[in-house]
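Listed below in structure tokens is the structure:
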């Protein structure tokens, strides 16, 4: 009868689970949308639940990883009116013709009144 080891417990499931998590970690490391400096971690958990007589135990094996999250991406939106409709763009609104000038002045006036009222 073979003794249980890390390689044999649960039919070798720990090695397989570790390999799957390792691939997730490696994919996360190579993803340019994640922070390169964040450490990644793989955790192997083996839980034992013995019976009342203590001559048998249930075993659960689990492997999980802690990955780096997606990096925050920042932008600026410029709000104004174009064609009479309120719109937002990522371009600079000072570019000629981007917004309707009269409607944009109205929006700025409303924002200015709101800012003074909150002081």
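Numbering (the working numbering), first residue to last: 3 to 121.
Glycine residues also receive a C-beta, built at the ideal position from the N, C-alpha and C atoms.
In this text the structure is predicted, and so the values were computed from the model without any measurement.
Starting from residue i, follow the beta strand (DSSP E) in both directions and report where the run begins and ends.
i	result
residue 87	87 to 91
Taking its Cβ as the centre, do 16 or more other Cβ atoms sit within 10 Å of residue i, making it buried, or is it exposed?
i	result
residue 121	Because residue 121 sits at a pLDDT of 47, beneath the cut-off of 50, its placement in the model cannot be relied upon, and the point is left open.
residue 2	Residue 2 lies beyond the residue range present for the chain, which begins at 3 and ends at 121; the question has no answer from this structure.
residue 87	exposed
Please look up how many angstroms separate the CB atoms of residue i and residue j, rounded, as I've assumed it's under 8 Å.
i	j	result
residue 48	residue 63	5 Å
residue 20	residue 46	6 Å
residue 12	residue 61	6 Å
Within this structure, are the beta carbons of residue i and residue j separated by less than 9 Å?
i	j	result
residue 65	residue 31	no
residue 91	residue 82	yes
residue 18	residue 67	no
Notebook entry, point to check: Considering only residues of the region 44 to 76, which uninterrupted beta strand (DSSP E) runs meet the minimum length of 3 residues and lie entirely inside it, listed in chain order?
Noted result: 59 to 68, all fully within the region 44 to 76.
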